[in-house]
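Working notes, beginning with the structure itself.
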DNA sequence: GCGTTCGTGTCAAGGGTTTGTACAATGTGG
DNA sequence: CCACATTGTACAAACCCTTGACACGAACGC
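Chains as they are written, first to last, in the working numbering: chain L, 29 to 314; chain D, 29 to 314.
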């Protein structure tokens, strides 16, 4: 929970303007301390950023406020391009326009809580980015630009997601040579927000390192991301190594290509949607 | 058990402030010697560090105290070493103890502003991590754990560092096949805090993508990271491609292996320290 | 074309709160 | 003895509150 000054720093909206927006449009209804100080959560910050992004793209304040308040069907009065999901992001990315990229992400993340937007808006937009790259619509560098921006958002959410050192401990990472970590990171965030003490290992973790981490960390579970078909075989290797070193470990696969992996005994295959995946894994623990 | 002076040293919280926190928020209830001296255990130190970390990340003291108090006294691992630079981080990393890793990073980042700590504390600690991995002291997975944590901190600083869309535009990234992006990210943060509109491309950017980004983004400058000796040749390729496509571009190399690269005409070789490097590049712009 | 209204961002005044730090006077421990 | 503790009070800077107003541009009515 942040005071209004911190909220201003994080959203880029001036303090007096935050208060004005609250007074005039009721866009926020922050909690209050006993002495009357406003307290903003991350959700509120996201809304502020979304509102700012819309205004910078030419919306009037009133319309932007209405759009942010009605987090469903955003009206499109006289906007040049209707913000509908990832296409705005793709355009901004293709133009190498960092302000527009941030604005598009503000819009995506600002439409609701992490859980509300990650599976239906953010990750689909990331997938669209990958497809746009594959189609030659955007260059690798542009794709990097946007992926890094999304990654930074998820990183911030990870660090804000819970206090380390509490809850059951779980390893999350990708098998060797696998590098598309956006999904794994999103899953780690979702898991952390459920009170799990996530050890996020990230991309490209060698098989022996998985085993070492599992034994040394005393984790209760390990989740291996299987993003592409090429990750299937390395993920199997990781699973067998983990089984050998830590037979008691709760083992799970997540990601788009995890479906064909259930052969190895007692490995949970998680749903593709990261929020559900996190809930399923959380249920296996304790 | 430590006296209040020792607790102050180990937590980085001033003596008088520890007492103030106890009085105002009841955050600690230290044992007492018969004569009334306060006695703190490792759990208390950890709470102090957690509180300090939250405050440094923008929470108000009262909110931070509430958060720390709300955290149930989950079984806390072992002792927390005296804070002396990267070795604490290495130990925490080797133990796969995420709370201790965060505590060590709280300590590193908490000793001053970004500019004050990045070159003398944070990046040296990252280098020590790499060396510890090379020496076999820690596993790859452990190194990933800590690197990702540092990367998340830097990401947050990047997003907080300035408003996108203002100031001169600069590309920052690594050449093909180069993946150690901590230094480049730190440099990007330093640059952004100087009011530069940084397009952070991240690791492993192909040569043609550099050229595409340079032409499409209308950037004023491009900074290519040269981390290891193996990056030298790819970085040269990037430089020649950029020169060909955008002769007017301000071109610079940064990183530990950038020294031998000044041959190509009019390429600035930046200092190793990222703060100075950012200032030098800033001076070349406009 | 011109005055008026409206929407919007910004600011000041006057007053309370938070928070880190400092000081005095005094006791403890090696 | 001296460094370090103790409690209690005090304080200044920074922060936040509300109310009300003001400036400026865009839209509107005449």
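The beta carbon of each residue, even a glycine, is placed where N, CA and C say it ideally should be.
In this text, all values refer to a predicted model and were calculated from it rather than measured experimentally.
Fully enclosed alpha helix (DSSP H) runs of no fewer than 4 residues occupy 260-273 of the region 243-277 of chain D, in order along the chain. Per DSSP, reduced to three states, the secondary structure at residue 198 of chain L is strand. Out of L/76, L/217, L/186 and L/232, the CA that lies nearest to the CA of residue 206 of chain L is found in L/232.
The region 173-230 of chain L contains, as complete alpha helix (DSSP H) runs of 4+ residues, the segments 210-220 (chain order). Taking a C-beta distance under 8 Å as the contact criterion, residue 195 of chain L and residue 217 of chain L do not qualify as a contact pair. Among the residues facing chain L, residue 252 of chain D is not included, as its CB has no counterpart in that chain under 8 Å away. Here residue 63 of chain D is exposed: its Cβ has fewer than 16 other Cβ atoms, across all protein chains shown, within 10 Å.
Listed along chain D are 180, each with a C-beta nearer than 8 Å to that of residue 186 of chain L. By the Cβ criterion, the region 148-155 of chain D is not in contact with the region 82-102 of chain D, since fewer than three pairs of Cβ atoms, one from each stretch, lie closer than 8 Å.
Nearest Cα to residue 124 of chain L within the set L/136, L/169 and L/146: L/169. Comparing alpha-carbon positions, the option among D/58, D/273, D/35 and D/134 lying closest to residue 81 of chain D turns out to be D/134. Excluding the 5 residues flanking it on each side, residue 313 of chain L has same chain C-beta neighbours closer than 8 Å at 196, 198, 224, 248, 249 and 278, in chain order. Assigned with DSSP and collapsed to three states, residue 67 of chain L falls in strand. Here residue 239 of chain D is near residue 273 of chain D, since their CB atoms are less than 8 Å apart. The residue from D/119, D/174 and D/235 with its alpha-carbon nearest to that of residue 227 of chain L is D/174.
The region 131-145 of chain L makes contact with the region 63-79 of chain L, as at least three CB pairs between them are under 8 Å. Counting of Cβ neighbours within 10 angstroms places residue 68 of chain L among the buried residues, the total reaching 16 or more.
Residues of the same chain with a CB within less than 8 Å of the CB of residue 287 of chain L, apart from the 5 flanking positions on each side, are 297 in chain order. Residue 280 of chain D is bridged by DSSP to D/251 and D/296.
When rounded, the separation of the alpha-carbon atoms in residue 263 of chain D and residue 243 of chain D is 18 Å.
Residues of the same chain with a CB within less than 8 Å of the CB of residue 33 of chain D, apart from the 5 flanking positions on each side, are 43 in chain order. Taken atom to atom, the span from the alpha-carbon of residue 185 of chain D to that of residue 121 of chain L is near 22 Å.
Put simply, the CB of residue 245 of chain L is near chain D, with a gap under 8 Å to one of its CB atoms. The C-beta of residue 116 of chain L has 16 or more other C-beta atoms within 10 Å across all chains shown, which makes the residue buried. According to the DSSP secondary-structure assignment, residue 75 of chain D is paired through a beta bridge with no residue.
A direct Cα-Cα distance of roughly 41 Å separates residue 90 of chain D from residue 171 of chain L. Annotation for residue 135 of chain D: the continuous alpha helix (DSSP H) segment containing it runs 126-137.
Contact of residue 272 of chain D with chain L is not assigned, every C-beta pair being separated by 8 Å or more.
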